[in-house]
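Since the structure comes first, as C-alpha cells, the remarks are kept for the end.
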Amino acid sequence: MSKKVFLLLLLLIVAALVGGLVQTARAQQPTPSDNDVNRVARQLYCPVCENIPLDVCPTTACQEWRELIRLKLSEGWSDEQIKEYFAMQYGDRVLAEPPRRGLNWLVYVLPPVAILAGAVLVVRILRRMQAKPAPAEATPSVPLAPEDEYLKRVEEELKRVEKSGR
Amino acid sequence: MIASVGFGVLVLTFLVSLYGIGAAVYGVRSGKAVWVESARHAQQLTFPLVTLAAGALVYLLVTGHYEVSFVYSVTSNAMPLYLKVTSWWGGQAGSLTFWIWLLSAFTTAVTLRRWERDREFLPWVIVVSLVTVAFFLALVIFFENPFTRFWATPTGEVEAFFQPANSVPIFPSDGRGLNPLLRHPGMIIHPPMLYLGFVSFVIPFAFAIAALVTGRTDDRWIRLTRRWTLVAWLFLSLGLVLGGRWAYDVLGWGGYWGWDPVEIAAFMPWLSGTAFLHSVMIQEKRGLFKRWNMVLIILTYCLVIFGTFLTRSGVLSSVHAFAQSAIGPMFFGFIGVTFILSLALLLYRWTDLEAEGTMHSLLSRESLFLFNNLLFMGILVICFSGVIFPLVSELLTGQKVTVGPPFYERATAPLFVGLLFLMGVAPLSAWGHSTIRTLGRALWKPALVSVAVLGLVLLAGVRSFGALLGFWLVAFTASVTLYEYGRAVLARARRTGENLWMAFWNLAGRNRRRYGGYTIHLGIVLMAIGIIGIEIFQQETQGTLKAGDSIQLAGYTVTYRKLDEFDAPDGRNVARAVVDVYRGGRYLGELHPRRDYYYASQQPMTIPGVRSTLEDDLYVLLVDWRPISADGATFKVFHNPLVNWVWIGGIWLIFGTLVAAWPDRDPEVEQARATGRERLARQTA
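Quick mapping for you: the protein sequence lines, in order, are chains A and B. Add 3 to the 1-based position in the first sequence for the numbering used here, that's all there is to it. Add 18 to the 1-based position in the second sequence for the numbering used here, that's all there is to it.
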C-alpha cells in the first residue's frame with residue numbers, strides 16, 4: 004500500500020467519523036418550530052412572486068420552501084447557510100438585500116455620498132450667505148410676541164396687496 | 019357601438035388638446051389674445067369630452083359588455099354595482115383613463131378662475147396641462163386602449179379595436195372579475211386619492227413653468243398655487259394612509275408598510291412635495307431659495323409621472339417586461355424630456371432667480387427649513403436608489419436583486435429621527451435670526467416636559483434605546499407644538515378678554531396656515547407613536563393547534579375552537595376559523611381569521627382576525643389547516659402595540675391639512691361685496 008493511498012484512506016475514515024459525530028449531533032436537534040422557520044423565511048423573498056417575503060407568501064411553492072427550511076434547520080444548518088443555499092439555488096433576488104459585493108456596493112455607497120454632498124452644499128450656502136453683509140433693516144432677534152404678530156400680519160397683507168397689484 | 023363612441027371621443031380629445039397647445043403658443047408668440055382665449059376654451063373642452071369617454075367606459079362596465087376586453091378582465095356578473103363602477107380604475111387601461119379624467123377636471127378648474135391679474139401665466143399653464151393630458155391620452159389611444167374588443171379570427175382569438183379581416187366578434191357571457199385583493203373599501207378609495215394627489219401637483223408645476231417662461235420671478239406663482247399644493251399633499255397623504263390600511267387589512271402580513279417599490283413610487287413625490295411645502299415658505303417670507311423651489315416642483319412633477327410609470331410600465335417585474343411593454347419606453351421618454359426641458363428653462367432664468375435676502379444665522383427658521391429639505395431629499399435619494407437599483411443590476415449584470423425593508427429601515431431611520439427633532443425645534447426659532455440663547459429660552463420648558471415623559475417611559479420598563487429616543491422625540495415635538503398653541507392662546511385671551519376656547523378658535527382662524535401646520539405636526543407625532551410601537555415592539559408567533567389548544571403571545575392566549583369551510587355565493591371558497599382570545603384569564607371575545615379562495619382568479623386571500631384597541635392590536639392569521647379532519651389548523655399571531663395611533667395620526671393630519679388649506683376670504687371679493695352692500699343700502703334708503 005503506497006503512502007498516498009494510506010493517507011487517503013485515513014482521511015476518509017476521519018471524515019466518516021467526523022461526519023458520523025456531526026450526524027448524531029444533528030439528530031439530537033429538536034424539530035424546528037414554525038417560529039424558527041419564520042425567523043429564516045422572513046429574511047428571504049419568494050423566488051417566484053414579486054416582492055413578497057417568504058414567511059407570508061401563501062402559495063404552495065412557498066409552503067414547500069418553508070418545509071425545506073425546516074428540513075435544513077433540523078439538519079443543523081445555520082440561518083446564514085440556509086440563506087446562502089437559497090441564493091445559490093434561486094439567485095440573489097431571494098435575499099432581502101443585495102449581497103455586499105461587486106456592483107451591489109453602488110446601492111450602499113451612493114445614497115450616503117449623495118446625502119453628504121448635500122450636507123456640504125447646505126453648509127457652504129449658509130456660510131456664503133452669512134458672509135454677506137446683513138441688510139440695514141434688522142429683523143427681530145427674539146420670537147415675536149403674539150401682539151407683534153398682528154402687526155407683522157398687517158405688514159404681510161400690505162406686501163401681498165402690493166405684489167398682487169403689480 | 020358605445021365602445022366606438024368612447025374611443026372616438028378620446029381621439030377627439032387628443033386632437034383638441036393638440037390644438038390647444040398650438041393655439042396657446044401661437045397666441046402668445048403673435049400677441050393675439052384671441053388665440054390664447056381659444057386655447058383656453060380647448061382646455062375647458064377636454065373635461066366634458068373625457069367625462070363622455072369615461073361615461074361610456076363606466077356604462078360598458080356596469081352593463082357587462084364582456085366583448086370589451088377591459089370589461090371582461092375587471093368585472094363579472096356576480097359583482098355588486100359599486101364594484102363594477104369602481105373597477106374603472108381596477109386595471110391598467112381604465113386607471114389611465116381615470117388619471118386623465120381627474121387631470122382634465124383639475125386643470126379645467128384652474129382655467130375657469132379669473133385671470134385679470136396674471137394673464138401672462140395663462141397660456142403657459144394651458145400648455146403644460148394640455149401637454150400632460152395629451153401624453154396620457156396618447157398612451158391610452160395608441161397602447162392601452164380600454165375599448166378594444168375580442169374577435170375570433172381563423173388563426174385564433176385577438177384583441178383589437180378595429181375589426182380584423184375575416185373575423186367575428188366574441189361575446190363572452192361572463193367576465194373574469196376584479197382581482198379579489200382590490201375588492202376592499204380601502205382599495206376602492208385609495209387609488210383615487212393617490213391620483214388626485216398626483217394630478218394636483220401638475221398645477222403648481224404648470225405655474226412654475228409659466229413663471230420661468232414669462233420671467234416673472236417673484237413668488238406670485240407660489241402664492242397662486244399654495245392651496246393646490248396643499249390639496250395635492252392632502253390627497254397624496256390620504257392615499258398613502260389608506261394604502262397602508264388596506265395592506266394591514268387585506269395582505270395578511272401583520273404590517274402596513276413593506277417598502278414595496280409600488281409604495282415607494284407614491285411616497286417619493288410625497289417626500290419632495292413635503293420639502294416643497296416647507297421651502298416655499300422661505301421664499302415667501304425671506305425671498306430666498308427661488309431656484310431650489312423650482313427644482314423641487316420640477317422634481318415633484320417628474321416623480322409623479324415616474325410613480326405612474328413604475329406602477330404601470332411593468333418595469334418593476336423585470337427589465338424585459340419593460341422592453342416588451344409599449345408604454346414603458348413612452349413614459350421613460352416623456353419623463354426624460356420634461357425633466358431636461360424644465361431644467362434647461364431653469365438654467366436660462368438662473369440669474370433672474372437670485373435670492374433677495376440673506377441668511378444671518380444657522381439657527382434661524384430658514385436655515386432649519388434648509389436642513390429639513392436636506393433630510394427629505396436624503397430619504398428621497400435612498401428610496402430612489404433602492405427602487406432603481408434592481409433595474410440597474412438586471413440591466414448591467416443580468417442578476418436580479420431585491421432591495422427590501424432592512425435596507426430602507428437602516429438607511430432612513432436616522433433621517434426620520436432628524437426630521438422629528440427639527441419638527442420640534444423649528445417652530446420656536448425665529449425667521450431671520452436665532453441664537454442658541456433665544457432658542458434655548460423658548461425651548462427649555464417643553465424640553466423639561468419631554469424629559470419628564472422620558473422618565474415615565476423608563477419607569478414603565480422600556481429599555482430599548484431606539485424606543486427611548488423615539489418616545490423622547492415624540493414627547494419633545496408634541497410639547498413644543500402644544501406649548502406654541504398654549505402660549506399664543508393665553509396671550510390672545512389676556513389681550514382681548516376672550517375666553518380660552520374663543521381665543522383658540524380666533525387665533526387658529528386668523529393664521530390657519532401656521533396652526534394648520536402645527537396640527538399636521540401633531541398628526542405626524544401621533545403616527546410616530548404607532549410606528550415606534552410596531553417597528554420596535556411587534557411580536558409574532560406561529561403554531562399548529564388542535565381544537566381546544568392554545569397559543570400564547572404577549573400576555574394573550576388564543577384558543578382554537580373550530581373551522582368551517584364553505585362556498586360563498588360570490589365565487590369563493592371560505593375557510594373560517596373561530597378562535598377565543600383571553601388575557602390574564604379574562605375572556606375577551608372571539609376572532610375569525612379566514613382564508614378566501616377565489617375560484618375564477620385562482621387567488622387565495624388571507625383575512626386576519628383583529629382585536630384592536632388604543633393600546634395594541636392582536637392580529638390572528640389562518641395560515642394553514644387540514645381539510646379533511648378539520649382538527650388541526652396553523653395560526654400566525656401578531657402583537658402590534660400602539661398601531662392604531664398610525665390611523666388616528668393620519669386622520670389628525672388630514673384635519674390639519676384641511677385647516678391649512680381652507681380658503682381665506684379674498685380681500686378683493688370682500689371689498690366688492692362691501693361696496694355692493696353699501697350701494698344697496700343707499701338705494702333702499
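Just so it is clear, CB atoms sit at the ideal spot from N, CA and C, and this is done for glycine as well.
{"Query": "Report the residue from T495/B, L433/B and I552/B whose alpha carbon sits nearest the alpha carbon of L461/B.", "Result": "T495/B"}
{"Query": "So that I know if they touch, is there some Cβ in chain A lying closer than 9 Å to that of I666/B?", "Result": "no"}
{"Query": "Under 9 Å, do W239/B and S218/B count as touching if we go by C-beta distance?", "Result": "no"}
{"Query": "Find the residues of chain B that neighbour P35/A, judging by a C-beta separation of less than 7 Å, and give them in chain order.", "Result": "Residues of chain B passing the Cβ test: none, with the nearest at roughly 12 Å."}
{"Query": "When DSSP builds the beta bridges, which residues end up paired with A651/B?", "Result": "L563/B and W643/B"}
{"Query": "Using a Cβ-Cβ cutoff of less than 6 Å, which residues in the same chain neighbour T714/B once the five nearest sequence positions on both sides are dropped?", "Result": "No answer is possible for residue 714/B: it lies beyond the span of chain B, which begins at 19 and ends at 703."}
{"Query": "Looking only at C-alpha atoms, which of S255/B, S385/B and P190/B sits nearest to V542/B?", "Result": "Looking at the sequence itself, residue 542/B is Ile, so the reference to Val does not match. Ranking S255/B, S385/B and P190/B by Cα distance to I542/B puts S255/B first."}
{"Query": "Within the 9 Å Cβ cut-off, does V51/A reach chain B?", "Result": "no"}
{"Query": "Under three-state DSSP, which class holds K580/B?", "Result": "strand"}
{"Query": "Which residues bound the beta strand (DSSP E) around W171/B?", "Result": "First, the residue type needs correcting, since residue 171/B is Thr and not Trp in the sequence shown. Looking at the DSSP string, the run of the beta strand (DSSP E) that includes T171/B is R167 to T171."}
{"Query": "Just verifying my parser: in three-state terms, what is the DSSP assignment at M623/B?", "Result": "strand"}
{"Query": "Does Y88/A get closer than 9 Å to chain B when you measure Cβ to Cβ?", "Result": "no"}
{"Query": "In its own chain, which residues sit with a C-beta less than 6 Å from the C-beta of A493/B, not counting the 5 before and 5 after it?", "Result": "S468 and V471"}
{"Query": "From what residue to what residue does the alpha helix (DSSP H) around N38/A run?", "Result": "D37 to A44"}
{"Query": "Applying the criterion that 16 or more other CB atoms from any shown protein chain within 10 Å of the CB defines a buried residue, is Q570/B buried or exposed?", "Result": "exposed"}
{"Query": "Taking the alpha-carbon of V29/B as reference, which of G422/B, E162/B and T126/B has the nearest alpha-carbon?", "Result": "E162/B"}
{"Query": "Give me the Cβ distance between M395/B and L306/B, rounded to the nearest whole Å; I'm assuming they're in contact under 8 Å.", "Result": "Not confirmed; about 17 Å, so no contact."}
{"Query": "Ordered along the chain, which non-local residues of its own chain (more than five positions away) have a Cβ less than 7 Å from that of L258/B?", "Result": "A284, F285 and W288"}
{"Query": "Given this structure, state the Cα-to-Cα distance separating T356/B from L563/B, to the nearest angstrom.", "Result": "58 Å"}
{"Query": "Pick helix, strand or coil for V25/A, following the three-state DSSP scheme.", "Result": "Its pLDDT being 49, under 50, V25/A is placed unreliably by the model, and the measurement read from it follows with that caveat. Of the three classes helix, strand and coil, the one that applies to V25/A here is helix, per DSSP."}
{"Query": "Would you check if the region 89-99 of chain A and the region 124-133 of chain A touch, i.e. whether three or more CB-CB distances between them fall below 8 Å?", "Result": "no"}
{"Query": "Check E177/B in the structure and name its three-state DSSP category.", "Result": "strand"}
{"Query": "Which one or two residues does DSSP pair with A511/B in a beta bridge?", "Result": "DSSP lists no partner for A511/B."}
{"Query": "Under a CB-based cut-off of 9 Å, is R96/A close to chain B?", "Result": "yes"}
{"Query": "Would you say I400/B reaches chain A, if we count a Cβ-Cβ gap shorter than 9 Å as a contact?", "Result": "yes"}
{"Query": "Alpha carbon to alpha carbon, how far is T575/B from V596/B? Give it in angstroms, no decimals.", "Result": "14 Å"}
{"Query": "Taking 9 Å as the CB-CB limit, is L140/B close to chain A?", "Result": "no"}
{"Query": "Does the Cβ-Cβ distance between G488/B and L438/B come in under 9 Å?", "Result": "yes"}
{"Query": "Quick check: what's the CA-CA separation for T349/B versus R697/B?", "Result": "For the record, residue 349/B in the displayed sequence is Phe; it is not Thr. The straight-line gap from Cα to Cα measures roughly 57 Å."}
{"Query": "I'd like to know whether the C-beta of K463/B is nearer than 9 Å to at least one C-beta of chain A.", "Result": "no"}
{"Query": "Output the distance between the C-alpha atoms of T456/B and A485/B, rounded to the nearest integer angstrom.", "Result": "30 Å"}
{"Query": "Excluding the five sequence neighbours on either side, which residues of its own chain have a C-beta within less than 6 Å of the C-beta of A71/B, listed in chain order?", "Result": "G24, V27 and L28"}
{"Query": "Confirm, please, whether the CB-CB distance from L130/B to A60/B is below 9 Å.", "Result": "no"}
{"Query": "Can you look up S568/B in the DSSP assignment and give me helix, strand or coil?", "Result": "strand"}
{"Query": "May I ask you to list the residues that DSSP assigns as paired with E608/B?", "Result": "D598/B"}
{"Query": "Tell me whether D705/B sits in a helix, a strand or coil according to DSSP, three-state version.", "Result": "Because chain B here runs from 19 to 703, residue 705/B falls outside it and cannot be looked at."}
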